[in-house]
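Sequence order for the protein chains is A, B and C. Quick note on numbering: the first sequence equals residues 1 to 413 in our numbering. Quick note on numbering: the second sequence equals residues 414 to 685 in our numbering. Quick note on numbering: the third sequence equals residues 686 to 845 in our numbering.
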Amino acid sequence: MEELLIEFKNVTKRFGERTVLDNVDLRIRDGQVTTIIGKSGTGKSVLLKHIIGLLSPTEGTILFRGRPIHEMNQNEFDAVRDQFSYCFQNNALFDSLTIFHNIALPLQQTTKMGKKEIEKRVLEKLEQLELDEVSEKYPSELSGGMQKRVALARALVTDPKIVLFDEPTTGQDPIRKNAILRMIAQNQKRFGFTTIMISHDIPDVFFISNRILILYDGKVIFQGNYHELDKLEHPMVDEYIRSLKDFEDEFFGSDLERDRPGFSEKDLKPSEKAGNVTVAIFTLDNLDELLEKLGQRRTDEIVKSLGECVNRHFGDVGISNRVARNQFATVLNYTDTAKAENMLEGFTRELREHGLGGASVDTGGGIDSEKSFCIMVRAGLVERNPGEGFQVTTDKARSRQKEIARFLFCAIP
Amino acid sequence: MTTMRPSGENINQVWPFAHVGTKVTDWVNEFGAVAIFLFKSFFKVFRAKQMSSIVQQVYYVGARSAPVVMLVGLFTGMVLGIQLYHTLVKFGSAGVLGSAIALSLIRELGPVLTAIMITARAGSSMTTEIGIQRISEQIDALYTMRIDSLQYLVTPRIAASIISFPLLTAFFDIIGIIGGYLTGVVLLGLDAGTYFYRVRTSVEMADITGGFVKSVVFAIIVSTICCFQGYFTHMRKDGHGAKSVGLSTTSAVVLSCVLILISDFVVTCFLL
Amino acid sequence: MKKYSHETVVGVFVVLGLVVVMYMTVKLGNVSFLGNETYSLYAEFSSVSGLRIGNPVEIFGMEVGHIADFRMDQQNQFVAVELKFNNGVEVYDDAIASIKTAGLIGDKYVSLDPGGSDEMLEPGDTILDTQSPIDLADLIGKYAFGDVKKNGEQTKGEEE
Numbered sequence: 001m002e003e004l005l006i007e008f009k010n011v012t013k014r015f016g017e018r019t020v021l022d023n024v025d026l027r028i029r030d031g032q033v034t035t036i037i038g039k040s041g042t043g044k045s046v047l048l049k050h051i052i053g054l055l056s057p058t059e060g061t062i063l064f065r066g067r068p069i070h071e072m073n074q075n076e077f078d079a080v081r082d083q084f085s086y087c088f089q090n091n092a093l094f095d096s097l098t099i100f101h102n103i104a105l106p107l108q109q110t111t112k113m114g115k116k117e118i119e120k121r122v123l124e125k126l127e128q129l130e131l132d133e134v135s136e137k138y139p140s141e142l143s144g145g146m147q148k149r150v151a152l153a154r155a156l157v158t159d160p161k162i163v164l165f166d167e168p169t170t171g172q173d174p175i176r177k178n179a180i181l182r183m184i185a186q187n188q189k190r191f192g193f194t195t196i197m198i199s200h201d202i203p204d205v206f207f208i209s210n211r212i213l214i215l216y217d218g219k220v221i222f223q224g225n226y227h228e229l230d231k232l233e234h235p236m237v238d239e240y241i242r243s244l245k246d247f248e249d250e251f252f253g254s255d256l257e258r259d260r261p262g263f264s265e266k267d268l269k270p271s272e273k274a275g276n277v278t279v280a281i282f283t284l285d286n287l288d289e290l291l292e293k294l295g296q297r298r299t300d301e302i303v304k305s306l307g308e309c310v311n312r313h314f315g316d317v318g319i320s321n322r323v324a325r326n327q328f329a330t331v332l333n334y335t336d337t338a339k340a341e342n343m344l345e346g347f348t349r350e351l352r353e354h355g356l357g358g359a360s361v362d363t364g365g366g367i368d369s370e371k372s373f374c375i376m377v378r379a380g381l382v383e384r385n386p387g388e389g390f391q392v393t394t395d396k397a398r399s400r401q402k403e404i405a406r407f408l409f410c411a412i413p
Numbered sequence: 414m415t416t417m418r419p420s421g422e423n424i425n426q427v428w429p430f431a432h433v434g435t436k437v438t439d440w441v442n443e444f445g446a447v448a449i450f451l452f453k454s455f456f457k458v459f460r461a462k463q464m465s466s467i468v469q470q471v472y473y474v475g476a477r478s479a480p481v482v483m484l485v486g487l488f489t490g491m492v493l494g495i496q497l498y499h500t501l502v503k504f505g506s507a508g509v510l511g512s513a514i515a516l517s518l519i520r521e522l523g524p525v526l527t528a529i530m531i532t533a534r535a536g537s538s539m540t541t542e543i544g545i546q547r548i549s550e551q552i553d554a555l556y557t558m559r560i561d562s563l564q565y566l567v568t569p570r571i572a573a574s575i576i577s578f579p580l581l582t583a584f585f586d587i588i589g590i591i592g593g594y595l596t597g598v599v600l601l602g603l604d605a606g607t608y609f610y611r612v613r614t615s616v617e618m619a620d621i622t623g624g625f626v627k628s629v630v631f632a633i634i635v636s637t638i639c640c641f642q643g644y645f646t647h648m649r650k651d652g653h654g655a656k657s658v659g660l661s662t663t664s665a666v667v668l669s670c671v672l673i674l675i676s677d678f679v680v681t682c683f684l685l
Numbered sequence: 686m687k688k689y690s691h692e693t694v695v696g697v698f699v700v701l702g703l704v705v706v707m708y709m710t711v712k713l714g715n716v717s718f719l720g721n722e723t724y725s726l727y728a729e730f731s732s733v734s735g736l737r738i739g740n741p742v743e744i745f746g747m748e749v750g751h752i753a754d755f756r757m758d759q760q761n762q763f764v765a766v767e768l769k770f771n772n773g774v775e776v777y778d779d780a781i782a783s784i785k786t787a788g789l790i791g792d793k794y795v796s797l798d799p800g801g802s803d804e805m806l807e808p809g810d811t812i813l814d815t816q817s818p819i820d821l822a823d824l825i826g827k828y829a830f831g832d833v834k835k836n837g838e839q840t841k842g843e844e845e
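In structure tokens, the structure reads:
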């Protein structure tokens with residue numbers, strides 16, 4: 001087991017009455033990329049600031065390589081901090097200095113490098129982050145995205161062994177986002193540098209992280225790698241996935257035009273014009289198995305195609321949305337139970353005919369059982385009573401689900 | 414006065430005496446905090462790599478204040494010339510105008526007015542600059558880069574003030590004396606020879622050194638208070654963000670001016 | 686206008702400042718930079734009322750030095766005054782030093798009649814012939830109530 005780089009033991013941080021971190025226990029290892037995710041305002045930045053010493057805990061201990069920080073004298077602690085570099089969420093650039101001087105400052109003030117060498121290093125970083133044209137400008141003259149890149153350059157110019165990023169990819173276009181994430185991954189693979197970052201950029205960060213930490217309500221509810229994350233059943237994860245889907249759709253301009261990010265108030269309020277309202281739930285079972293055998297991407301594709309199917313069929317009369325990792329809900333207006341069941345039958349037929357992302361209907365003989373398995377699709381519907389909450393209706397529908405289709409998925413050798 | 418209490422306690426003072434007591438302890442605490450701030454910053458001037466930042470600050474605090482200081486000096490001298498002439502003439506002692514002007518300027522008005530003008534100009538900008546850097550997390554950024562923010566921001570300003578204040582006071586004095594010449598001699602007809610003779614003979618070394626000692630004392634007071642207010646603007650209870658910077662600047666300038674006059678009195682007592 | 690760098694301006698500022706400070710110190714503070722431009726003589730007075738350090742010493746109305754120090758000799762009941770003269774001023778041993786007032790109520794100064802004997806006073810010598818300052822109030826009192834000699838005769842007071 002590698003030595004623990006940083007460890008938090010029962011760390012609590014209170015600001016007056018507010019408890020921001022509540023008995024946080026976490027472990028961060030050397031040479032790994034650790035990502036901290038959580039809703040905004042749950043204390044991720046506060047946690048990161050504790051690591052670099054900008055804040056001290058109200059209770060609890062922080063250890064660096066096994067040594068508690070509060071036991072270290074100033075010199076020791078300074079030596080520890082020497083290995084770190086921090087990139088702020090708001091960039092914290094020195095607005096009275098040019099970009100060049102912003103990036104050069106840490107080298108000028110803390111190292112004994114000559115002017116030429118400093119210049120060389122700074123230009124290198126500028127090139128790497130595509131900032132060469134703005135080196136003589138001032139931070140206020142740059143866009144937010146460029147300012148973020150300057151902050152990154154400044155944090156990385158000293159070649160620190162441990163880097164703390166507070167939302168490094170926020171505000172960047174996807175191309176640059178990937179470039180930044182790639183750079184972080186490379187730093188780790190090639191030089192063994194440790195990265196601790198806060199990001200909202202899932203699932204992309206999952207691909208480069210060795211470890212994921214989830215902060216929820218000031219507590220660490222998950223610490224582990226990506227595979228362990230999948231097994232976690234927690235309302236927050238579902239929330240994330242739901243919002244993730246909406247973003248994807250919005251950006252990539254999917255066919256699911258009628259999907260809205262979350263059901264709006266208008267959709268959920270019973271109105272006379274809507275007449276009878278029925279809620280239908282569609283679930284893809286065996287999700288874990290699928291993830292294991294197919295991986296995240298492929299599974300996502302399958303789930304997506306189910307959603308597309310749902311929308312194709314019900315899109316005229318209803319609004320569909322993904323409500324969990326493997327579940328879709330459709331709100332059908334002007335539809336009573338009988339009509340809805342009719343539509344469901346039609347849907348089932350269509351599903352069986354067209355399949356899901358490459359799966360085929362019905363079994364055949366001679367398939368290797370280890371590499372193939374079944375996916376079950378279940379559906380349930382229930383008419384909504386007037387004034388009933390959406391969640392209640394959905395739960396009812398969920399409980400009424402029955403299997404409507406079964407697919408055999410074969411791995412083609 | 415700000416109440417620097419980072420733990421955010423809310424104290425409800427009902428009893429007036431307790432209130433007074435709290436105020437006094439607050440002042441003492443703040444005084445201690447300022448003193449610690451000063452000592453920490455001042456001794457960092459003996460570390461390496463300070464020269465260029467000190468030179469930059471001398472430019473902003475000293476060289477850029479020179480025109481204003483000389484202008485104020487000129488008019489102060491001129492006004493003194495007129496006022497004192499009219500008063501002295503009643504005693505038949507118009508001849509001592511030179512002494513009166515030179516001594517008032519060198520002993521009192523030079524150091525005090527120069528300090529106040531520089532506070533208004535450079536002191537306020539010190540507070541604002543450092544205050545804004547504080548609220549935009551630039552000081553935290555320096556911390557993360559292992560750059561000592563006191564050494565980088567505050568020390569050069571204090572050192573530059575100690576260099577600039579006496580020099581600017583000297584400018585003020587000389588130009589003030591010339592101002593007195595312009596009104597007393599050129600305008601009101603006093604004899605030039607008498608004027609300058611009086612100036613030369615009545616001024617003693619003690620007056621000059623006293624005046625410069627005051628300048629240095631004022632320099633330390635003004636720069637420390639202005640930097641302190643800016644540096645800790647985030648701990649203000651009565652405002653946040655831009656507002657707290659504004660309040661800090663006001664406090665800094667007012668406090669500096671008041672302390673200039675109080676310490677003027679104290680140093681004068683010491684010297685006489 | 687960034688024609689000149691900040692450093693240049695600071696340099697000019699500091700140099701000018703120091704020049705002004707030096708000027709003030711030397712000219713106004715009466716500091717002799719090169720030293721030994723002056724020498725001292727002493728004069729003993731029975732009263733030095735109104736005389737201050739720095740007051741001028743004049744010969745024939747021209748300033749040739751200033752008062753440097755006072756020393757009281759209680760036993761012999763006089764005050765020894767140190768007079769600093771500029772080099773080159775010749776004072777002889779029959780010189781007379783008198784304390785006078787400039788104007789009616791002006792500063793006091795020492796007026797020196799340098800004398801004309803053969804012997805010149807050396808640095809550190811004492812001028813023996815001195816005249817203490819005239820006490821004006823005393824004089825007026827004496828004039829008003831008699832006692833002042835006028836043309837050798839005593840005037841009678843106003844009573845007559």
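Think of the CB as a built atom: it goes at the ideal place given N, C-alpha and C, for glycine as much as any other residue. Model, not experiment: these values are computed from the prediction.
Count the other C-beta atoms from every protein chain shown that fall within 10 angstroms of the C-beta of Thr58 (chain A), then say buried if there are 16 or more, exposed otherwise.
Here Thr58 (chain A) is exposed, its C-beta having fewer than 16 other C-beta atoms within 10 Å.
Cutoff 8 Å: Ala92 (chain A) Cβ touching any chain B Cβ
So, interface residue.
Asp604 (chain B) versus Arg611 (chain B): straight-line alpha-carbon distance, rounded:
For Asp604 (chain B) and Arg611 (chain B), the distance between alpha carbons rounds to 11 Å.
Touching by the beta-carbon criterion (3+ pairs, under 8 Å), the stretch 486–505 of chain B and the stretch 534–543 of chain B:
Of all C-beta pairs linking the stretch 486–505 of chain B to the stretch 534–543 of chain B, fewer than three are shorter than 8 Å, placing the two stretches out of contact.
Contact under 8 Å by Cβ, Ile784 (chain C) with Gln816 (chain C):
Going by beta carbons, Ile784 (chain C) and Gln816 (chain C) fall inside the 8 Å limit.
Taking only beta carbons into account, state which residues of the stretch 534–557 of chain B come closer than 7 Å to chain A, listed in chain order.
Within the stretch 534–557 of chain B, the residues whose Cβ lies closer than 7 Å to some Cβ of chain A are Ser549, Glu550, Gln551, Asp553, Ala554, Tyr556, Thr557, listed in chain order.
Is any beta-carbon of chain C found at less than 8 Å from that of Val468 (chain B)?
Closer than 8 Å to some Cβ of chain C, the Cβ of Val468 (chain B) qualifies, so yes.
Whose C-beta lies closer than 6 Å to the C-beta of Phe683 (chain B) among residues of the same chain, with five residues either side of it excluded?
Cβ neighbours of Phe683 (chain B) beyond the five flanking positions: none.
Straight-line Cα distance separating Ser209 (chain A) from Glu17 (chain A):
Between Glu17 (chain A) and Ser209 (chain A), the alpha-carbon positions lie close to 34 Å from each other.
What residues from chain B crowd round Phe84 (chain A), counting only those whose CB sits closer than 8 Å?
Here the neighbours are Thr557.
Measuring alpha carbon to alpha carbon, tell me which of B:Phe631, B:His647, B:Arg649 ends up nearest Thr681 (chain B).
The candidate whose alpha carbon is nearest that of Thr681 (chain B) is B:Phe631.
Name the residues in the stretch 563–574 of chain B whose C-beta lies less than 8 Å from a C-beta of chain A; which are they?
Per Cβ criterion, the list reads Tyr565.
So Ile560 (chain B) contacts chain A; which residues on that side make the cut at Cβ distance below 8 Å?
In chain order: Leu105, Pro106, Gln109, Thr110.
If I measure Cβ to Cβ from Gln147 (chain A) and keep anything under 7 Å in the same chain, skipping five residues before and after, which residues do I get?
Spatial neighbours of Gln147 (chain A) in its own chain (CB-CB distance under 7 Å, excluding positions within 5 residues in sequence) are listed in chain order as Asn91, Leu93, Pro139.
Could you check which residue in B:Leu566, B:Phe609, B:Leu484, B:Ile467 has the C-alpha nearest to that of Ala513 (chain B)?
Here the closest residue by C-alpha is B:Phe609.
By the criterion of Cβ-Cβ separation under 7 Å, what are the contact partners of Met757 (chain C) in chain E?
This model lacks chain E altogether; the protein chains it does include are A, B and C.
Which residues in the same chain have their Cβ closer than 6 Å to the Cβ of Ser669 (chain B), if we skip the five residues on either side of it in sequence?
Thr532, Gly536, Val635, Ile638.
Lys49 (chain A): buried (16+ other C-beta within 10 angstroms of its C-beta) or exposed?
So Lys49 (chain A) ends up on the buried side.
Candidates A:Asp22, A:Lys13, A:Glu353: which alpha carbon is nearest Ile221 (chain A)'s?
Of the candidates A:Asp22, A:Lys13, A:Glu353, the residue whose Cα lies closest to the Cα of Ile221 (chain A) is A:Asp22.
From the DSSP output, in three-state form, read off His200 (chain A) for me.
Of the three classes helix, strand and coil, the one that applies to His200 (chain A) here is coil, per DSSP.
Consider the Cβ of Met805 (chain C): report whether some Cβ of chain B lies at a distance smaller than 8 Å.
Met805 (chain C) does not count as touching chain B.
Do you know how far the Cα of Val699 (chain C) is from the Cα of Phe745 (chain C)?
If you draw a straight line from the Cα of Phe745 (chain C) to the Cα of Val699 (chain C), it is about 43 Å long.
Phe678 (chain B) classed as buried or exposed, judged by whether at least 16 other C-beta atoms fall within 10 angstroms:
Exposed.
Per-residue burial, Phe84 (chain A) [other beta carbons within 10 Å of its own, 16 or more giving buried]
Phe84 (chain A) is buried by the Cβ-count criterion.
Buried or exposed: Glu403 (chain A), going by 16 or more other Cβ atoms within 10 Å of its Cβ?
It is exposed - the Cβ of Glu403 (chain A) has fewer than 16 other Cβ atoms within 10 Å.
8 Å Cβ cutoff, Gly652 (chain B) in contact with chain C:
With 8 Å as the cut-off, Gly652 (chain B) does not count as an interface residue toward chain C.
For Gln839 (chain C), count neighbouring Cβ atoms within 10 angstroms of its own Cβ and tell me buried if that reaches 16, exposed if not.
Residue confidence is low: Gln839 (chain C) scores 49 on pLDDT, short of 50, so the model does not pin down where it sits. Its coordinate-derived value is still stated next. The C-beta of Gln839 (chain C) has fewer than 16 other C-beta atoms within 10 Å across all chains shown, which makes the residue exposed.
Mark Phe730 (chain C) as exposed unless 16 or more other C-beta atoms lie within 10 angstroms of its C-beta, in which case mark it buried.
Around the beta-carbon of Phe730 (chain C), 16 or more other beta-carbon atoms lie within 10 Å, marking it buried.
State the DSSP-derived secondary structure class of Phe585 (chain B), mapped to helix, strand or coil.
Helix.
Run through the stretch 448–487 of chain B for me and flag every whole alpha helix (DSSP H) of 4 or more residues, listed as ranges in chain order.
Counting only runs of 4 or more, we get 464–470.
Best match in A:Thr393, A:Phe193, A:Thr278 for proximity to Gly31 (chain A) [C-alpha to C-alpha]:
The option with the nearest alpha carbon to Gly31 (chain A) is A:Phe193.
From A:Ile180, A:Lys189, A:Leu55, pick the residue whose C-alpha is nearest to that of Thr557 (chain B); which is it?
When each option's Cα is compared against that of Thr557 (chain B), the closest is A:Leu55.
Can you grab the Cα-Cα spacing for the pair Arg67 (chain A) / Glu7 (chain A), in whole Å?
Each residue's Cα considered, the two are about 9 Å apart.
Specify the secondary structure class of Val24 (chain A) as computed by DSSP and reduced to three states.
In this structure, Val24 (chain A) counts as strand in the three-state DSSP scheme.
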